[in-house]
Amino acid sequence: MIRQSIAAILLVWALGFLWFAMALPQPAGEERTDVVIVPTGSAGRIPHGLEVLEQGLAREMLVTGVDREVKPNEFAAEFGVSAKRMKCCVTLGFAAEDTSGNAEETAAWVRDRKVRSLRLVTADWHMRRTATELARKLPADVVVVRDAVPSRPSLGLLFLEYHKFLASSVRALFGF
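End of the sequence shown sits at 802 in this note's numbering; the numbers just go up one at a time, nothing left out.
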């Protein structure tokens, strides 16, 4: 009985990992949202968030988890953002240090602005955990559009992220 239970658990784990690795989230379509949220991290996230702004698919952007050493003018120079765009439309969030912190920082920013919809931009391999953490912190009536940035994650990164996703899902399920 114990062997069968262990075998069943391992099979569910393995099938879950296969799903996680093979069916990575995809980019969103042309849906308009109030804001775009970009957690810092892997390449392509911030440029994609800025592209969303340029296309008029959102009116403001929060970049959450920015290193405290980064100055707004340095950010603007690195990503080619005009002073006007920085002033009106880009907020750099310095409070978060991890994915859970990104969710907390985002939820507070969203509540302050009375946001009804947001576009979450992060790497495809990071999307599920980020969305899970965010769902725990956001008001229930906020619509989240998932907009994954395609990448080529290593098997090791997927293995690590799958386990982080499982832990995040358990926390969400049991409310801790």
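Every residue gets a Cβ at the ideal spot worked out from N, C-alpha and C, and that includes glycine.
Extent of the continuous alpha helix (DSSP H) to which residue i belongs
{"i": "residue 648", "result": "628-648"}
{"i": "residue 677", "result": "671-680"}
Cβ shell of residue i (< 6 Å), same chain only, five flanking positions each side left out
{"i": "residue 861", "result": "Since the first residue of the chain shown is 627 and the last is 802, residue 861 is not available in this structure."}
{"i": "residue 803", "result": "Given that the chain is displayed from residue 627 to residue 802, the structure contains no residue 803 and the question cannot be resolved."}
C-beta contact flag for residue i and residue j at 7 Å
{"i": "residue 691", "j": "residue 722", "result": "yes"}
{"i": "residue 760", "j": "residue 729", "result": "yes"}
{"i": "residue 678", "j": "residue 662", "result": "yes"}
{"i": "residue 609", "j": "residue 798", "result": "Look at the range of the chain in this structure, 627 to 802, and you will see that residue 609 is not part of it."}
{"i": "residue 670", "j": "residue 775", "result": "yes"}
{"i": "residue 660", "j": "residue 742", "result": "yes"}
{"i": "residue 725", "j": "residue 756", "result": "yes"}
{"i": "residue 773", "j": "residue 745", "result": "yes"}
Cβ neighbour criterion (16 or more within 10 Å) applied to residue i
{"i": "residue 791", "result": "buried"}
{"i": "residue 794", "result": "buried"}
{"i": "residue 665", "result": "buried"}
{"i": "residue 658", "result": "exposed"}
{"i": "residue 754", "result": "buried"}
{"i": "residue 707", "result": "buried"}
{"i": "residue 672", "result": "buried"}
Other residues of its chain near residue i: CB distance less than 8 Å, five sequence neighbours each side excluded
{"i": "residue 785", "result": "643"}
{"i": "residue 715", "result": "679, 685, 686, 687"}
Close Cβ partners of residue i (< 7 Å) along its chain, the five nearest in sequence each way excluded
{"i": "residue 656", "result": "683"}
{"i": "residue 720", "result": "692, 694"}
{"i": "residue 736", "result": "744, 764, 768"}
For residue i, the first and last residue of its enclosing beta strand (DSSP E)
{"i": "residue 743", "result": "743-749"}
{"i": "residue 730", "result": "Careful: residue 730 lies outside any beta strand (DSSP E), inside the alpha helix (DSSP H) at 725-739."}
{"i": "residue 719", "result": "716-719"}
task: Taking 8 Å as the threshold, find out whether the stretch 647-667 comes into contact with the stretch 750-768 through three or more Cβ pairs.
output: Touching, yes, given that three or more Cβ pairs across the two stretches are closer than 8 Å.
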